[in-house]
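In the working numbering, the protein residues as written are 1 to 480.
Read through the structure below, which is laid out as structure tokens, and then see the notes.
Next comes the structure, spelled out in structure tokens:
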């Protein structure tokens, strides 16, 4: 088992060992010397003595050279030189990189995973504690939470096994919405006990096979003990309440889990089995207590109706758009216009207004009585809409406008030339309501009747944020 932050080196088996290198050199020397010796004997017999002496002198020089090579090789000089160049050719790690192998690598991975589990295990269960998280950016924002996914997302981890546990927690949050702490702690304990089995010389594959068998047995036991109350509406509702209460028992909402469990179950049941959680909007408003939270049928948009617009509208036909509604583009985009008189400047402004009026008239031709735009609506187009009895709502944030469009059953438009094949939104009533000291817009009587808003009240923003995370977990679990 190898663990490294970089790629490993070439295996040592691919490199000639020290003894092998020596044997190759020395055997070559012996064979060469023996062959030359036979050759010189033959030369001595067929040539004159002087010629033989010359060859003998050359042979002595030749053998002296090989003795010198043998001496350096015995002193590791040649071997070390060859191995130095071989290592340089095979070096693939960056300078300063480290490499771990075998038992040490396995131990480091287990320790990394167990340390991640130890961080979040104190937040598990009804007696779990919250953690205070402070951001590492300039804002250094502070969050108070016991949500496992939120805590693990805030961690910086350079251990491979620890990163795997964090990714596993994110997957659990995306797929189920809850149980992020449980899966992390369970995985950490499995690895902690696997280390004890490894110390007993049990092969890792044997341990993994045991985990697979245990998973199969646990799944069969859960299926055997499960009860289906889908045909009994009352029992089914009570089961959902118990599931929601179990999820909220370890959250900040545990003191009001009965109240919030009912809110979450009622909101999910409005979906009528569709599972489209985007139809459930969560709005946080400072003030009051958690007990003051409630479920509002319909969709609440945290905006105000424009000045001079009707404050209430029935049987609304709604056009949802994402388009610029500004008149003075010269000032906004920083363009420069050179004029020679005030009248020419007035002509430029009149031209800009005429373009905006033409755009507004295209919108009015859609025969609507409510226009909602993601971007700002400036005074001049707002006046035009008011003159034609159209309610204009501006600057709805991107997430809010997308969610609202789905709740209304409308498309988000950016061009208005074509009035055919356009999906408009419909609502029985649009009006403004007060929540505490805030004014919001309420859309009620929507076509599908699925959309609803859970209004969360609390004394601080930290409480509201944690309550939102808790409600999200409960809703995700109930909707499975």
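Cβ atoms here follow ideal geometry from the backbone N, Cα and C, with glycine treated the same way.
* What is the C-beta distance between residue 290 and residue 458, in whole angstroms, given that I count them as a contact (C-beta under 8 angstroms)? -> 6 angstroms
* With distances taken Cα to Cα, identify the nearest neighbour of residue 295 among 269, 314, 400. => 269
* Asked: Fully enclosed by the segment 190-219, which beta strand (DSSP E) runs are 3 residues long or longer?
  -> none
* Asked: Does the segment 461-470 come within contact of the segment 276-287, defined as at least 3 CB pairs closer than 8 angstroms?
  -> Between the segment 461-470 and the segment 276-287 there are three or more inter-stretch CB-CB distances shorter than 8 angstroms, so the stretches are counted as touching.
* Of all the CB atoms in chain D, is at least one closer than 8 angstroms to the CB of residue 234? -> Protein chain content of the structure displayed is limited to a single chain, and chain D is not contained in it.
* Have a look at residue 153 and residue 180 and give me their C-alpha separation to the nearest angstrom. => 11 angstroms
* To do: Below 8 angstroms on the Cβ atoms is my guess for residue 429 versus residue 410; work out the distance and round it to an integer in Å.
  => Contact flag wrong, Cβ pair sits at about 16 angstroms.
* Asked: Which two residues bound the contiguous beta strand (DSSP E) that contains residue 251?
  -> For residue 251, there is no enclosing beta strand (DSSP E), as DSSP marks it with neither H nor E.
* Asked: Which ranges does the beta strand (DSSP E) cover as unbroken runs of at least 3 residues, wholly within the segment 243-323, from first to last along the chain?
  -> 280-286, 294-297, 299-301, 312-321
* Asked: Taking Cβ positions, are residue 265 and residue 478 nearer each other than 8 angstroms?
  -> yes
* Asked: Which residues bound the alpha helix (DSSP H) around residue 164?
  -> Secondary structure note for residue 164: its alpha helix (DSSP H) is the uninterrupted segment 160-175.
* **Inter-residue Cα distance where the pair is residue 217 and residue 161** => In a straight line, the C-alpha of residue 217 is about 26 angstroms away from that of residue 161.
* Asked: CA-CA distance, residue 157 and residue 149?
  -> 14 angstroms
* Asked: How would you label residue 381, buried or exposed, when you count the other beta carbons within 10 angstroms and need 16 or more for buried?
  -> buried
* Which partner residues of residue 452 appear in the DSSP bridge assignment? -> 280, 297
* Under a Cβ-count criterion, where at least 16 other Cβ atoms within 10 Å of its own Cβ denotes burial, should residue 104 be classed as buried or exposed? -> Taking all protein chains shown into account, residue 104 has fewer than 16 neighbouring C-beta atoms within 10 Å of its C-beta and is therefore exposed.
* DSSP state of residue 144 mapped onto helix, strand, coil -> strand
* Asked: For residue 370, which beta-bridge partners are listed by DSSP?
  -> 318, 391
* So, is residue 465 buried or exposed, given that buried needs 16 or more other C-beta atoms within 10 angstroms? -> buried
* For residue 427, the residue or residues it bridges with in DSSP -> 316
* In the DSSP assignment, what are the bridge partners of residue 470? -> In the DSSP output, where bridge partners are listed per residue, residue 470 has none listed.
* Asked: Of the choices 174, 132, 314, whose alpha-carbon is the least far from that of residue 472?
  -> 174
* When DSSP labels each residue in this structure, what does residue 136 get in the three-state scheme? -> Reduced to three states, the DSSP call for residue 136 is coil.
* Tell whether a beta-carbon distance below 8 angstroms holds between residue 405 and residue 320. => yes
* Range covered by the alpha helix (DSSP H) that runs through residue 119 -> 102-120
* Output the boundary residues of the beta strand (DSSP E) element that contains residue 422. => Unbroken run through residue 422: none, as it is neither H nor E.
* Counted within 10 angstroms of its Cβ, other Cβ atoms place residue 219 as buried (16 or more) or exposed -> exposed
* To do: Locate the beta strand (DSSP E) running through residue 156, then write down its first and last residues.
  => Segment: none, residue 156 is in no beta strand (DSSP E) and carries neither H nor E.
* Asked: With respect to the beta strand (DSSP E) encompassing residue 442, which residues constitute its N-terminal and C-terminal limits?
  -> Per DSSP, residue 442 belongs to the beta strand (DSSP E) from 438-444.
* Provide the residue(s) that pair with residue 458 in DSSP beta bridges, ordered along the chain. => 286, 287
* **Per DSSP, cross-strand counterpart(s) of residue 377** => According to DSSP, residue 377 bridges with 325.
* To do: Could you check what DSSP says for residue 362 in three-state terms: helix, strand or coil?
  => helix
* Coarse secondary structure for residue 483, derived from DSSP in three states -> The chain is shown only over 1 to 480; residue 483 falls outside these bounds and no answer can be derived.
* Asked: Quick one: what's residue 223 bridged to in DSSP?
  -> Paired residue(s): none; residue 223 is not in a bridge.
* Asked: Around the Cβ of residue 394, are there at least 16 other Cβ atoms within 10 angstroms (buried) or fewer (exposed)?
  -> buried
* Spatial distance of residue 140 from residue 369 (CA atoms) -> 45 angstroms
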